[in-house]
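Accompanying notes for the structure given below.
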Amino acid sequence: MKYVEFKKFTDENGACPIYLFEGEEVYFHEKGFALLKERFLQEPTLDYVSFDGGALKGEKLKALADAVRCFPFISQKRFVKITEFYPSEKDYEQYIKPLFETPSTHTILMIVNTSKAKKTKDGEKGGADLSKKPSVTYVDCARSDEETIKKWIYLTCKRAGVYADGITCGKIVSYCVGDMSRVAKETEKLLSYCEAQKLERITDELVDLLVYPDADYKIFELANALARKNYSEYMKIIKELTSRGFNETALLSSLASYFKGLYEVSVCKGSDREVAIALGMKEYPVKKNREQAAKFTKTGLLSAYQTVYGAISGIKCGELTSDAALKSVTMQLFFEKK
21 MKYVEFKKFT
31 DENGACPIYL
41 FEGEEVYFHE
51 KGFALLKERF
61 LQEPTLDYVS
71 FDGGALKGEK
81 LKALADAVRC
91 FPFISQKRFV
101 KITEFYPSEK
111 DYEQYIKPLF
121 ETPSTHTILM
131 IVNTSKAKKT
141 KDGEKGGADL
151 SKKPSVTYVD
161 CARSDEETIK
171 KWIYLTCKRA
181 GVYADGITCG
191 KIVSYCVGDM
201 SRVAKETEKL
211 LSYCEAQKLE
221 RITDELVDLL
231 VYPDADYKIF
241 ELANALARKN
251 YSEYMKIIKE
261 LTSRGFNETA
271 LLSSLASYFK
281 GLYEVSVCKG
291 SDREVAIALG
301 MKEYPVKKNR
311 EQAAKFTKTG
321 LLSAYQTVYG
331 AISGIKCGEL
341 TSDAALKSVT
351 MQLFFEKK
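Numbering (the working numbering), first residue to last: 21 to 358.
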């Protein structure tokens, strides 16, 4: 199941013996752990134990088996958490198979992995695929796409008795550039405001009032203004960013990085997810970068990156002041004049 379905699943099914949280989104790991601990662990001092999966191999796996088989002292459930746990199929069969085939009814085993089963050193056989083992409740914590985050916002607001439509949820995602940690904080802030003001709906206007767009989103808007050759909008965003602590050098560095990212996604083949994995990015920024890159030619993107990078080099060499470098970039990008 996707993480957005996890809370409802837990409400309806109670505690499961084994959970596997798998994926790169650390926010989902932390929230899933907090939810299970709050519901089923009353005495963490006595009934909670954690392991580093990398340290448990061979005979050492008996420590995990012993911890899972222990009875809780005070809590409803004993809680065992293990992180980055990728046992070989051989170790699974020899040491921990009974934990999965006949799971303990008084213990919750939570496995938290950022990736799937890893290959063994010989490269011939992969590690045990825990997601397919008996008694495992699988929670997909992969980097979130736009629709998953929008659904999370919508459901979170709905549980709080507040309505937010898809467009408004999308605006929150855009302003936070798909960063789940920030999305969660801003959603909590919006809900607190609604509670204080006795509001039943989050509107676009409320998002504009309370959620300041992430700096990366403002750079996105800046490039968008450039693509439309909207000079007044471009300068308005420049002024806003500099008034909020962005000096000219930092602004140029962000712009260079952004154009470099646009160029990279423009030449990459594959789905948004495949490109995200290849570039080490989240899927949402890749999607937005591709949308933005389509407004430029590939040579135009490369030229823009080289222009901004050249101005930064001019600052470092002492040939240009930061203010002059920014003006030079603006002239070249808008009017193709040096």
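Backbone N, C-alpha and C fix where the C-beta goes; we use that ideal spot for every residue, glycine too. Remember, predicted model here, so these are calculated numbers, not experimental data.
_With 16 other Cβ atoms within 10 Å as the buried cut-off, status of residue 337_ = Taking the first residue of the sequence shown as 1, we reach residue 337 at position 317. Its Cβ having fewer than 16 others within 10 Å, residue 337 is exposed.
*Taking DSSP as the reference, what is the three-state secondary structure of residue 106?*
To locate residue 106, count along the sequence shown from 1; it is residue 86. Residue state, collapsed to three classes: coil.
_Check whether the region 217-227 and the region 249-267 touch, using three or more Cβ-Cβ pairs below 8 Å as the test._
Fewer than three beta-carbon pairs drawn from the region 217-227 and the region 249-267 are found closer than 8 Å, and the two stretches are therefore not classed as touching.
*Reduced DSSP secondary structure (H/G/I, E/B, other) of residue 157*: Against the sequence shown, residue 157 aligns to sequence position 137. If DSSP states are grouped into helix, strand and coil, residue 157 belongs with the strands.
_By the three-class DSSP mapping on this structure, what secondary structure does residue 143 have?_
Mapped onto the sequence shown, residue 143 falls at position 123. With a pLDDT of 44 at residue 143, under the threshold of 50, the predicted position of this residue should be treated as unreliable, though the coordinate-derived value follows. Correct three-state label for residue 143: coil.
*Through-space distance from residue 258 to residue 343, alpha-carbon basis*: As a first step, residue 343 is located in the sequence shown; it is residue number 323 there, counting from the start. As a first step, residue 258 is located in the sequence shown; it is residue number 238 there, counting from the start. In this structure, the CA atom of residue 343 is about 12 Å from the CA atom of residue 258.
_Extent of the continuous alpha helix (DSSP H) to which residue 130 belongs_ = Within the sequence shown, the letter at position 110 stands for residue 130. Counted as a single uninterrupted DSSP element, the stretch harbouring residue 130 is not any alpha helix (DSSP H) but the beta strand (DSSP E) occupying residues 127-133.
*Taking Cβ to Cβ, would you say residue 150 is nearer than 8 Å to residue 219?*
Here the question's residue 150 lines up with position 130 in the sequence shown. Here the question's residue 219 lines up with position 199 in the sequence shown. The Cβ-Cβ distance between residue 150 and residue 219 does not fall below 8 Å.
_residue 211 versus residue 306: straight-line alpha-carbon distance, rounded_ = Position 191 of the sequence shown, counted from the first residue, corresponds to residue 211. Position 286 of the sequence shown, counted from the first residue, corresponds to residue 306. Rounded to the nearest whole angstrom, the CA to CA distance from residue 211 to residue 306 is 29 Å.
_Let me see if you follow: with CB-CB separation under 8 Å, is residue 347 close to chain C or not?_
Although the question refers to chain C, the structure presented lacks it and comprises just one protein chain.
*What is the residue span of the beta strand (DSSP E) that residue 68 lies within?*
Taking the first residue of the sequence shown as 1, we reach residue 68 at position 48. Annotation for residue 68: the continuous beta strand (DSSP E) segment containing it runs 68-72.
_Contact check, residue 108 vs residue 83, beta carbons under 8 Å_ = Here residue 108 refers to the residue found at position 88 of the sequence shown. Here residue 83 refers to the residue found at position 63 of the sequence shown. Taking the C-beta atoms as reference points, residue 83 is found no nearer than 8 Å to residue 108.
_Burial state of residue 144, where buried means 16 or more other Cβ atoms lie within 10 Å_ = Residue numbering aside, residue 144 sits at position 124 when the sequence shown is read from its first letter. Interpretation of residue 144 is limited by its pLDDT of 41, a score under 50 that renders its predicted location unreliable; the figure taken from the coordinates is listed afterwards. Result: exposed.
*Give the straight-line distance between the Cα atoms of residue 171 and residue 191, rounded to the nearest whole angstrom.*
Translated into the one-based positions of the sequence shown, residue 171 becomes position 151. Translated into the one-based positions of the sequence shown, residue 191 becomes position 171. Cα-Cα distance, rounded: 13 Å.
*Write down the C-beta distance between residue 125 and residue 36 rounded to the nearest angstrom, noting that I regard them as a contact closer than 8 Å.*
Translated into positions along the sequence shown, residue 125 becomes position 105. Translated into positions along the sequence shown, residue 36 becomes position 16. Actually they are not in contact, since the Cβ atoms of residue 125 and residue 36 sit about 11 Å apart, beyond 8 Å.
*Burial state of residue 316 (16 or more Cβ within 10 Å)*: On the sequence shown, position 296 is the one that residue 316 refers to. Label assigned to residue 316: buried.
*Identify every run of the beta strand (DSSP E) within the region 26-58, keeping only runs that are complete inside it and at least 3 residues long; order them along the chain.*
The region 26-58 contains these whole beta strand (DSSP E) runs: 38-42.
*Verify whether the separation of the beta carbon atoms of residue 188 and residue 227 is less than 8 Å.*
Looking up residue 188 in the sequence shown gives position 168. Looking up residue 227 in the sequence shown gives position 207. Annotated as proximal: residue 188 and residue 227, with beta-carbon spacing under 8 Å.
*Could you check if residue 130 is buried or exposed, using at least 16 other CB atoms within 10 Å of its CB as the buried criterion?*
Position 110 of the sequence shown, counted from the start, is the residue given in the question as residue 130. So residue 130 counts as buried.
_residue 282: first and last residue of the uninterrupted alpha helix (DSSP H) it sits in_ = Position 262 of the sequence shown, counted from the start, is the residue given in the question as residue 282. Segment 268-287, the alpha helix (DSSP H) holding residue 282.
*Where residue 278 falls, given that 16 or more other Cβ within 10 Å makes a residue buried*: As a first step, residue 278 is located in the sequence shown; it is residue number 258 there, counting from the start. Around the CB of residue 278, 16 or more other CB atoms lie within 10 Å, so the residue is classed as buried.
*Report, in whole angstroms, the separation of the C-beta atoms of residue 297 and residue 274, which I expect to be a contact under 8 Å.*
To locate residue 297, count along the sequence shown from 1; it is residue 277. To locate residue 274, count along the sequence shown from 1; it is residue 254. The pair is not a contact, with the Cβ atoms about 24 Å apart (cut-off 8 Å).
_Under DSSP, the alpha helix (DSSP H) around residue 231 begins and ends at which residues?_
Here the question's residue 231 lines up with position 211 in the sequence shown. Run containing residue 231: none; DSSP gives neither H nor E here.
*Check whether the Cβ atoms of residue 183 and residue 233 sit closer than 8 Å, and answer yes or no.*
Counting from one through the sequence shown, the residue named residue 183 turns up at place 163. Counting from one through the sequence shown, the residue named residue 233 turns up at place 213. Taking 8 Å as the Cβ cut-off, residue 183 and residue 233 do not qualify as a contacting pair.
*Using 10 angstroms around the beta-carbon of residue 114, count the other beta-carbons present and answer buried if the total reaches 16, otherwise exposed.*
Sequence index remark: in the sequence shown, residue 114 carries index 94 (1-based). Taking all protein chains in view, the Cβ of residue 114 is surrounded by fewer than 16 other Cβ atoms within 10 Å, so the residue is classified as exposed.
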